[in-house]
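Presented below is the structure to which this report refers.
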Amino acid sequence: MELRDGDKSRYGGKGVLKAVSHVESEIQRSVHGLDANDQKGLDRKLCDLDGTPNKARLGANAILGVSLAVARASAADRGLPLYAALAEKPANLLPTPGLNVLNGGRHADNSVDFQEFMISPVGAPNFREALRASAETFQTLKSVLHAKGYSTAVGDEGGFAPQLKSNEEPIELILEAIGKAGYKPGEDIVIMLDPAASELYENGTYEFWKSDKSKKSSAEMIALWKDWLRQYPEIWSLEDGMAEDDRAGWQQLTKELGNKIQLVGDDNFVTNPGLFQQGIRDGIANAILIKLNQIGTVTETLDCIAMAGGHGYGAVISHRSGETDDSSIADLVVACGMGQIKTGSASRGERIAKYNRLLEVERELGSKARYAGASIYERWNHSVQA
Ligand code: PGA
Ligand code: ZN
């Protein structure tokens, strides 16, 4: 729970003077003198001090700021880069990025119901070549869109959001761009989707309010994903393919496709260890999206990632659509060694900040650096038969 001032005369109510004052008064008084190297102890103290289940009193924004600042200070004091300070074992795995290059859903004013269409350079030999392949594909996509008379203005996460006409068109355009950039779709670069299906779900059905205005049942939604996977075997990962409230649908999706592709839970888990545990028990998804500012401390974030690892789930470390140029998630993904990050397109400074940090880390690790590439997908065969 982010604490905003709610004073409509400042920043439309989004000001954070209260959260800042909590850091400067109550929080600073209670953490002063603690051991900065004891991140767990600090984070526990912050949660106790807040006293609510969702950090509503002091604000998750206030608490996470302190949690991360202490992690950084402690790393600096120990002479370690942040990723090494946060890691429990030697960290040398650079993540496979997912770059959100085309947008629909609530992120765009077009006829595409699904929110994010990402490219992921699984075939590159290392992170810097992976980023190069992605950036080249992104720039080629720009020319492809331009040639078709589409807008190439970018949205919040740095992807394009042109007036596309159908839900399939983004995939077709991306495949064309990958090829034209000189890469092989499904081999060098694959596709990840985040349709954000919760946004379509109302009264037990999925409403395609932007494209053909059709309504689909859970079973029809699952059939649609299977169709897409048959048609586009380049899709290796599907996030929020079902709505957070459609638990039975999520279970069925996992039953039918869980051994074929990565199924990432975001809206249903919200980086909350309790909700995630319940999802694991119910056989929902096989990977989790991790957003630091959703749970609100470094320790709880690492716990959630450890829970994923312990149950054979993947973990995708994620930015938010609203971001700053803070690059902590780049260090976090290397520290946890889960090998996946989604942090926007190859544009907009606050997205590039994370990629630049990963380039630095790769250079710093030198010959010890490894690139996750396609290895994270080894347990799925990606082939959906009719
Ligand atoms: P956000 O989500 O807009 O909540 O940051 C992006 C996502 O759905 O992954
Ligand atoms: Zn999502």
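Using my numbering, the first residue of the sequence shown is number 62, and each one after it goes up by one. A virtual CB, placed ideally from N, CA and C, is assigned to each residue, including glycine.
- Alpha carbon to alpha carbon, how far is alanine 136 from leucine 147? Your numbering for residue 136 matches position 75 in the sequence shown. Your numbering for residue 147 matches position 86 in the sequence shown. Spanning the two alpha carbons is a distance of roughly 8 Å.
- Could you give the uninterrupted runs of the beta strand (DSSP E) lying entirely in the segment 286 to 356, keeping only those of 3 residues or more? 296 to 300, 323 to 326, 348 to 351
- Task: Using the beta-carbon of each residue, find all residues closer than 6 Å to any heavy atom of the ligand ZN and list them in chain order.
- Result: Asp255, Ala257, Glu300, Asp301, Asp327, Leu350
- Does the segment 286 to 296 touch the segment 313 to 325, meaning 3 or more C-beta pairs lie closer than 8 Å? yes
- Less than 7 Å between the CB of arginine 308 and some heavy atom of the ligand PGA, yes or no? Within the sequence shown, the letter at position 247 stands for residue 308. No - the ligand PGA has no heavy atom lying nearer than 7 Å to the Cβ of arginine 308.
- Taking DSSP as the reference, what is the three-state secondary structure of serine 46? This structure cannot speak to residue 46, because the chain is shown only from 62 to 447.
- Heavy atom of the ligand PGA within 7 Å of serine 382 beta-carbon: Along the sequence shown, one-based indexing puts residue 382 at 321. Yes, since a heavy atom of the ligand PGA falls inside the 7 Å radius drawn around the Cβ of serine 382.
- Item | Same chain only: Cβ atoms within 8 Å of isoleucine 390, ignoring 5 sequence neighbours per side | Within the sequence shown, residue 390 is the residue found at index 329, counting from 1. The answer, listed in chain order, is Leu353, Ile378, Ser379, His380, Ile402, Thr404, Lys415.
- Of the listed residues Arg65, Asp99, Leu95, nearest to alanine 121 (C-alpha basis): On the sequence shown, residue 121 is found 60 positions in, with the first residue counted as 1. That would be Arg65, whose Cα lies nearest to the Cα of alanine 121.
- Item | Cut-off 8 Å between Cβ atoms - residues of its own chain near threonine 213, not counting five sequence neighbours on either side | To locate residue 213, count along the sequence shown from 1; it is residue 152. Once the five neighbours on either side are set aside, the close Cβ partners of threonine 213 are Lys203, Leu206, His207, Phe221, Pro223.
- Excluding sequence positions up to five away, which residues of its chain have a Cβ less than 8 Å from the Cβ of isoleucine 139? Start at 1 with the first residue of the sequence shown, and residue 139 comes out as number 78. Here residue 139 is arginine; the residue named in the question, isoleucine, does not match the sequence. Correct list, in chain order: Asn98, Ala146.
- Does the beta carbon of serine 298 fall short of 7 Å from some heavy atom of the ligand PGA? In the sequence shown, residue 298 corresponds to position 237, counting from 1. Not under cutoff, so the answer is no.
- Does DSSP classify alanine 100 as helix, strand or coil? Numbered from 1 along the sequence shown, position 39 holds the residue referred to as residue 100. Inspection of the sequence shows that residue 100 is occupied by glutamine rather than by alanine. Helix.
- Cβ-heavy atom distance, serine 379 to the ligand PGA, below 7 Å: Sequence index remark: in the sequence shown, residue 379 carries index 318 (1-based). Yes, the Cβ of serine 379 comes within 7 Å of a heavy atom of the ligand PGA.
- threonine 362, buried or exposed, once every other Cβ within 10 Å from all chains shown has been counted against 16: Position 301 of the sequence shown, counted from the first residue, corresponds to residue 362. Buried: at least 16 other Cβ atoms inside 10 Å.
- Message: Among Asp111, Gly74, Val84, Lys150, whose alpha-carbon lies nearest the alpha-carbon of alanine 396?
- Response: Your numbering for residue 396 matches position 335 in the sequence shown. Measuring from the Cα of alanine 396, the nearest candidate turns out to be Lys150.
- Shortest alpha-carbon distance to alanine 280 belongs to which of Ser382, Lys271, Asp273, Gly265? Along the sequence shown, one-based indexing puts residue 280 at 219. It is Gly265 whose Cα lies nearest to the Cα of alanine 280.
- Could you pull out every residue in the same chain whose Cβ sits closer than 7 Å to the Cβ of aspartate 307, ignoring the five residues on either side in sequence? If you number the sequence shown from 1, residue 307 lands on position 246. Closer than 7 Å at the Cβ level, and outside the excluded window around aspartate 307, lie Tyr262, Ser279.
- Query: Is it buried or exposed for histidine 93, if we count other Cβ within 10 angstroms and need 16 for buried?
  - Reply: Translated into the one-based positions of the sequence shown, residue 93 becomes position 32. Classification of histidine 93: exposed, given that the 10 Å Cβ count is below 16.
- Message: Using a Cβ-Cβ cutoff of less than 7 Å, which residues in the same chain neighbour aspartate 68 once the five nearest sequence positions on both sides are dropped?
- Response: Sequence index remark: in the sequence shown, residue 68 carries index 7 (1-based). Closer than 7 Å at Cβ, skipping near neighbours: Gly74, Gly76.
- Looking only at DSSP bridge pairs, what is glycine 95 linked to? Numbered from its first residue, the sequence shown carries residue 95 at position 34. Checking the sequence shown, residue 95 turns out to be leucine, not glycine. Partner(s): none; leucine 95 has no beta bridge.
- Message: Please tell me whether serine 406 and asparagine 161 are closer than 8 Å, where the distance is taken between their beta carbons.
- Response: Along the sequence shown, one-based indexing puts residue 406 at 345. Along the sequence shown, one-based indexing puts residue 161 at 100. Their beta carbons are under 8 Å apart, which means serine 406 touches asparagine 161 by this criterion.
- Message: Against chain C, does isoleucine 250 count as a neighbour if the rule is that its beta carbon must be under 8 Å from one of theirs?
- Response: Looking at the structure shown, chain C is missing, and only one protein chain is on hand.
- Task: Please say whether alanine 309 and leucine 324 have beta carbons closer to each other than 8 Å?
- Result: By one-based count along the sequence shown, residue 324 stands at place 263. By one-based count along the sequence shown, residue 309 stands at place 248. No; because the gap between Cβ atoms is not below 8 Å, this pair is not in contact.
- Query: Per DSSP, what kind of secondary structure is asparagine 264 in: helix, strand or coil?
  - Reply: Position 203 of the sequence shown, counting from 1, holds the residue named residue 264. Note: asparagine 264 maps to coil in three-state DSSP.
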